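Peer 1:
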Amino acid sequence: MKQAARLILIAGGTCSGKTTIAKAIERRLEDLKTVIVSHDNYYRDLAHLSLSERAKVNFDHPDSIDTDYLMRDLHDMLAGMAVNVPDYDFVTHSRNEGRYCIADADVIILEGIFALYYKELLDLSDLKIYVDTDADLRLARRMGRDIIERGREVESVLDQYLRTV
3 MKQAARLILI
13 AGGTCSGKTT
23 IAKAIERRLE
33 DLKTVIVSHD
43 NYYRDLAHLS
53 LSERAKVNFD
63 HPDSIDTDYL
73 MRDLHDMLAG
83 MAVNVPDYDF
93 VTHSRNEGRY
103 CIADADVIIL
113 EGIFALYYKE
123 LLDLSDLKIY
133 VDTDADLRLA
143 RRMGRDIIER
153 GREVESVLDQ
163 YLRTV
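Take any residue in the sequence shown, note its place counting from 1, add 2, and you have its number in the numbering used here.
(1) Just checking glycine 146 against the ligand MN - is the residue's beta carbon closer than 7 angstroms to any of the ligand's heavy atoms?
(2) Roughly how many angstroms lie between the CA atoms of alanine 13 and serine 52, to the nearest whole one?
(3) Closest by CA to proline 88, which one among Arg97, Gly82, Asp128, Asp134?
(4) Which residues in the same chain have their Cβ closer than 7 angstroms to the Cβ of asparagine 43, if we skip the five residues on either side of it in sequence?
(5) Report the three-state DSSP secondary structure of glutamate 122 (helix, strand or coil).
(6) Between which two residues does the beta strand (DSSP E) harbouring glycine 146 extend?
(7) Should arginine 140 go down as buried or exposed, given a rule of 16 or more other Cβ atoms within 10 Å for buried?
(8) Closest to histidine 50 by C-alpha separation, out of Ile38, Lys35, Thr94, Gly19, would be which residue?
(9) Counting C-beta neighbours from all protein chains within 10 Å, is the total for arginine 101 16 or more, i.e. buried, or is it exposed?
(10) I'd like to know if the region 5 to 25 and the region 134 to 150 are in contact, where contact means that at least 3 CB-CB pairs between them fall below 8 angstroms.
(11) Using alpha carbons as the reference points, say which of Val39, Met79, Glu28, Arg56 lies closest to alanine 117.
This is the structure:
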């Protein structure tokens, strides 16, 4: 019988390097089937709100995550079951269900700003990592990411960062 998958949690502030570290771990574990799951994929779906209302939501608060949905999927992944993981669209602030499938992983890396926040996750994990990065560097990275990848304006990124981070 296959051993249950191992769970690694990686947390840190916005743009601290969580994904970079997750990818480095994945490369080092090349002999194991390792998958990276972004906590961002489990942001609550805001499609029921207008675009202007969606833009005002504080995504840097634990309540922005659909924890029940995440925990159901994680339990299934850890048991070796196939899970269709959602994908979150940061341009429209909506969640697209079941965009990619994770099945039969040896190691699951969950990365996100709240990966170490929820007791349920801590209880399931085999390894916990916190990435501590200078706030000025994180802001610079966030500016670049949100402008280039998410089509945001400088003023919008700064306003959200100062209001919520």
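Using N, Cα and C, we set each Cβ at its ideal position, and we do this for glycine too.
No experiment lies behind these values; they were computed from the predicted model shown.
Peer 2: Looking at the atomic coordinates:
(1) In terms of ligand content, the structure shown is empty, and the ligand MN therefore cannot be addressed.
(2) So the two alpha carbons sit approximately 30 angstroms from each other.
(3) The candidate whose alpha carbon is nearest that of proline 88 is Arg97.
(4) Apart from sequence neighbours up to five positions away, the residues of its chain that approach asparagine 43 with a beta-carbon distance below 7 angstroms are Val87, Pro88, Asp89, Tyr90, ordered along the chain.
(5) Here glutamate 122 sits in helix by DSSP.
(6) Secondary structure note for glycine 146: it is in no beta strand (DSSP E), and the uninterrupted alpha helix (DSSP H) holding it is 137 to 150.
(7) Arginine 140 should be labelled buried.
(8) Comparing Cα-Cα distances from histidine 50 to each of Ile38, Lys35, Thr94, Gly19, the minimum goes to Thr94.
(9) Per the 10 Å Cβ criterion, exposed.
(10) As far as the Cβ criterion goes, the region 5 to 25 touches the region 134 to 150, which means the pair count is three or higher.
(11) Nearest option by C-alpha distance: Val39.
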